[in-house]
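Data block below; observations after.
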Amino acid sequence: MTLPNTPPNQRLAPKPFNAAPKGLWRATPLAIFPPILGLFGIGLAWRAAAVHFGAPDWIGEMILGAVSLLYIFCAIAYKAKVIRRPSALLDDAKILPGRAGLSAATASMFLFAATLVPYWSLGAKIVLIAGLFAHAVGALVIIRALILGPSEQRRVTPVWHLSFVGFIIAPVAAVPLGWHDLSALIYATTLPIAVAIWLISALQFMRAGVPAPLRPLLAIHMAPVSLFGIVSVLLGYDTIGFAFGWLGLTGLLMFLASVRYLTQSGFSPMWGAFTFPMAAFANLMFMVAMIMPMPFRIIGGIELVLATLAVVYIAYKVMQLWTKGTLSKLTNASTV
1 MTLPNTPPNQ RLAPKPFNAA PKGLWRATPL AIFPPILGLF GIGLAWRAAA VHFGAPDWIG
61 EMILGAVSLL YIFCAIAYKA KVIRRPSALL DDAKILPGRA GLSAATASMF LFAATLVPYW
121 SLGAKIVLIA GLFAHAVGAL VIIRALILGP SEQRRVTPVW HLSFVGFIIA PVAAVPLGWH
181 DLSALIYATT LPIAVAIWLI SALQFMRAGV PAPLRPLLAI HMAPVSLFGI VSVLLGYDTI
241 GFAFGWLGLT GLLMFLASVR YLTQSGFSPM WGAFTFPMAA FANLMFMVAM IMPMPFRIIG
301 GIELVLATLA VVYIAYKVMQ LWTKGTLSKL TNASTV
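Numbering (the UniProt record's numbering), first residue to last: 1 to 336.
What follows is the structure, encoded as structure tokens:
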């Protein structure tokens with residue numbers, strides 16, 4: 001029997017291994033959200049720079065407008081996946097990049113609300129309340145995943161700051177909206193949790209190092225320092241805010257001294273963890289500069305310029321991986 005001589009261009013190619021399912025947004029990874037959180041922070045820092053440095057107002061507002069549209073688009077893309085299969089959210093919460101992305105996605109609502117404050121206070125309040133609810137639900141989903149998952153996943157990681165201390169971002173919008181009591185409650189509730197995570201993480205680090213691919217996550221430890229300093233000044237706790245300002249400067253020096261250690265494994269989606277801490281630090285410097293202009297004002301300005309370049313680059317690279325269809329595979333995102 002003679003086999004037909006089929007031209008090469010007409011032969012059926014084997015199905016690629018681990019191929020993403022066909023259809024729009026069936027494999028949207030949560031890893032797209034940490035860079036968005038960082039971009040929101042950069043936009044708000046440029047808004048503050050307009051006050052402290054006389055920078056053009058349009059820079060910060062243009063960034064915030066663009067990031068808001070990007071955030072809405074990405075939220076729709078992920079929601080489309082969850083609508084097809086709601087359990088996809090539970091599957092994503094089982095993995096570390098998914099837990100980080102879920103917390104960043106809901107925490108971004110707080111900064112989206114802060115973006116809206118000067119333009120539409122009612123809308124900002126609605127988004128803020130929705131963000132508090134979403135972040136609480138996200139924390140519960142993550143707790144469920146940690147309880148039901150293997151014991152090694154219950155190890156304290158820097159991502160716990162995003163998941164369980166991330167509520168401290170809410171006062172950035174809540175205080176300008178006049179919700180001081182709510183902000184003070186969030187501050188008092190989350191500070192002990194952050195301290196506990198710092199202490200446990202330090203003990204774990206002394207006992208065993210961090211694998212190179214996960215080291216970028218260590219930068220997340222810096223974010224609560226900046227946020228508690230910012231919120232301290234917003235609530236009138238100037239002495240505490242001033243202390244966090246100096247603590248943040250110390251952390252920045254440690255970060256700069258450890259750059260090679262943190263980035264040893266090369267670029268990966270985990271680099272999204274660098275974005276928000278860098279942005280939050282610039283905002284901290286500008287906030288503490290209201291108490292003592294020097295050296296915080298100058299350091300904040302320099303760091304903001306450098307952070308803008310770094311955050312935009314990281315966000316571009318992560319979004320590029322998403323558009324190429326490789327980000328979901330690199331982060332083991334669920335598919336539907």
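All residues carry an ideal CB built from backbone N, CA and C; glycine is no exception.
Taking 9 angstroms as the cut-off, decide whether the C-beta atoms of residue i and residue j are in contact.
i	j	result
Thr326	Ile95	no
Val210	Leu217	yes
Leu116	Pro171	no
Leu227	Ile299	no
residue 387	Gly272	For residue 387 there is no data in the structure shown, the boundaries of the chain being 1 and 336.
Arg26	Lys81	yes
Phe53	Gly301	yes
Leu162	Ile220	yes
Ser265	Pro213	yes
Ala289	Leu44	no
Ala48	Ala282	yes
Val225	Leu247	yes
Ala173	Ala114	yes
Ile36	Tyr71	yes
Ile42	Val311	yes
Count the other CB atoms, across all protein chains shown, that sit within 10 Å of the CB of residue i; report buried if there are 16 or more and exposed otherwise.
i	result
Thr106	buried
Ala223	buried
Ile168	buried
Ala13	A caution first: Ala13 carries a pLDDT of 46, below 50, which makes its placement in the model unreliable, though a value can still be read off. Ala13 comes out exposed.
Leu69	exposed
residue 339	Residue 339 lies beyond the stretch modelled for the chain, which goes from 1 to 336, so this question has no answer here.
Asp57	exposed
Leu321	buried
Gly236	exposed
Val195	exposed
Ala104	buried
Thr335	buried
Leu89	buried
Thr189	exposed
Rounding to the nearest angstrom, what Cα-Cα distance links residue i and residue j in this structure?
i	j	result
Ser108	Phe40	7 angstroms
residue 348	Met287	Because the chain here runs from 1 to 336, residue 348 falls outside it and cannot be looked at.
Ile291	Phe242	7 angstroms
Phe17	Phe73	Since pLDDT at Phe17 reaches only 41, below the 50 mark, its modelled position is unreliable, and no value is offered.
Val318	Trp46	22 angstroms
Pro277	Gly38	7 angstroms
Ser121	Leu111	13 angstroms
Ser201	Arg207	10 angstroms
Leu140	Ile186	17 angstroms
Ile129	Leu148	29 angstroms
Ser87	Gln153	19 angstroms
Tyr313	Ala184	35 angstroms
Thr157	Pro269	17 angstroms
Give the range of the alpha helix (DSSP H) segment to which residue i is assigned.
i	result
His161	First-last for His161: undefined, no H or E at that position.
Met290	Looking at the DSSP string, Met290 is not in any alpha helix (DSSP H), and its letter there is neither H nor E.
Ile197	His180 to Arg207
Arg26	Premise fails: Arg26 is in no alpha helix (DSSP H) and is neither H nor E.
Trp58	Asp57 to Arg84
Val51	Phe33 to His52
Leu235	First-last for Leu235: undefined, no H or E at that position.
Leu103	Checking the sequence, you will find Ser at residue 103 rather than Leu. Taken as a continuous stretch (DSSP letters only), the alpha helix (DSSP H) holding Ser103 covers Leu96 to Leu116.
Ser87	Ser87 to Asp92
Ala124	Ser121 to Leu148
At a Cβ threshold of 9 angstroms, is residue i touching chain C?
i	result
Pro158	Annotation note: the requested chain C is absent from the structure, which comprises a single protein chain.
*asked:* Quick check: the region 90-105 against the region 25-34, are at least 3 beta-carbon pairs closer than 8 angstroms?
replied: yes
*asked:* Under 8 angstroms, with one C-beta from each stretch per pair, do the region 125-137 and the region 55-70 reach the 3-pair mark?
replied: no
_I'd like to know if the region 256-270 and the region 302-309 are in contact, where contact means that at least 3 CB-CB pairs between them fall below 8 angstroms._
no
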